[in-house]
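Here is the structure we will look at, set down as structure tokens.
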């Protein structure tokens, strides 16, 4: 089978890339091994993160596209604009919330600093004694696996999909574990952690996470609740950490996170890490301690040294393009990732500055394809 583009990976990033390419009139094939991926394991939070300008641009542009998609998605995608309430437990964190609010407002994002009293009215299940919070009303939540199905099947021109584990890339051809070969003018690696197996020079590490979901307690929480310390924990480069992160689901259930662990690829649920995560969450929301947790699971984030994704052409493989390393922001930033990659591949005007996302930023030792060598 010959396609214009082969996408390796059918998570939210791969599906978004496939949809952009198909909408551009290209013949698209998506290959995926069918293993559980980060999209199915994650929270599905569309959030304006602004830890650095390149991250914020991806979030802002993606949020705009998510709103476009929301008008067409079916109800199974469970898109809801619930907003994010960043919770400050101390005066120092409240200062951080104020600064975050200034940055967001300067970039056109609606947000409101809440006093302890106002926060208690918004979210009475939170404990007393908190310093305040920042409410970002434009943030949303989705059920990402359903969005993937919508992108692949119902959002535009047809996309061919096959269950296949890609084991190697050689020029314009990929080979699968059962010996099949697929060719295309361009190959997009969007398979998260699998990317480092196909392209060993990618600086991608696994970061394990646990989540838990409760029975139905409708009306307990209105917004996505996150502690201000979440950002620090998300950017640690070693060890393990937990942070308070609770999401209300349309079912009335509460999705509880989060944890991060380096240096393990064991997918097993670790009771001690779950207990640590839940105990920390109860410290912010005491009523969680009396709720019934019905399921826990794990997933792996693909992270890079600077916590930004790699988007663009592989400098050492002339037919290979990259859309990997999104850490915990794959759902948030997949739409803008796909739109930028489409522009790069088709030679269209870039929707925003692309320079922060290239693989070359990590090492001058990255092997260059002959056509990328300056003479």
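Numbering (the working numbering), first residue to last: 1033 to 1407.
In this text, a Cβ means the ideal position worked out from N, Cα and C, and glycines have one as well.
Shown here, residue 1102 sits in a helix according to DSSP, grouped into three states.
Rounded to the nearest whole angstrom, the CA to CA distance from residue 1158 to residue 1152 is 7 Å. Going by DSSP, residue 1280 is part of no alpha helix (DSSP H) but of the beta strand (DSSP E) stretching over 1272-1280. Per DSSP, the continuous alpha helix (DSSP H) segment holding residue 1368 begins and ends at 1362-1378. No residue range can be given for residue 1147, since it is assigned to no beta strand (DSSP E) and is classified by DSSP as neither H nor E. Residue pairing from DSSP places residue 1213 in a beta bridge opposite 1207. Inter-residue distance for residue 1391 and residue 1121 is about 38 Å (C-alpha atoms, whole angstroms).
Nearest to residue 1137 by C-alpha distance, out of 1092, 1147, 1354, 1379, is 1092. For residue 1381, there is no enclosing alpha helix (DSSP H), as DSSP marks it with neither H nor E. Excluding the 5 residues flanking it on each side, residue 1111 has same chain C-beta neighbours closer than 7 Å at 1102, 1105, 1172, 1174, in chain order.
With contacts defined by Cβ atoms closer than 9 Å, residue 1220 and residue 1097 do not form a contacting pair. Secondary structure at residue 1088: helix, using DSSP grouped into helix, strand and coil. Closest by C-alpha distance to residue 1236, out of 1274, 1339, 1321, 1141, is 1339.
Around residue 1234, the same chain offers 1227, 1228 as residues with beta carbons nearer than 6 Å, after the five sequence neighbours per side are excluded.
Between the segment 1343-1351 and the segment 1060-1074, the count of C-beta pairs closer than 8 Å stays below three; the two stretches do not touch. Distances from the CA of residue 1239 to each of 1197, 1324, 1290 were compared; the closest alpha carbon is that of 1290. In this structure, residue 1063 sits near residue 1196, with a CB-CB distance shorter than 9 Å.
Shown here, residue 1185 sits in a helix according to DSSP, grouped into three states.
Looking at the backbone, the Cα of residue 1190 and that of residue 1129 are separated by about 44 Å. Under the three-state reduction of DSSP output, residue 1093 falls in the helix class. Going by C-alpha positions, residue 1086 is about 28 Å away from residue 1187. Ranked by how close their Cα comes to the Cα of residue 1277, the residues 1242, 1331, 1365 have 1242 in first place. The shortest CA-to-CA distance from residue 1379 to any of 1056, 1100, 1050, 1317 is the one to 1056.
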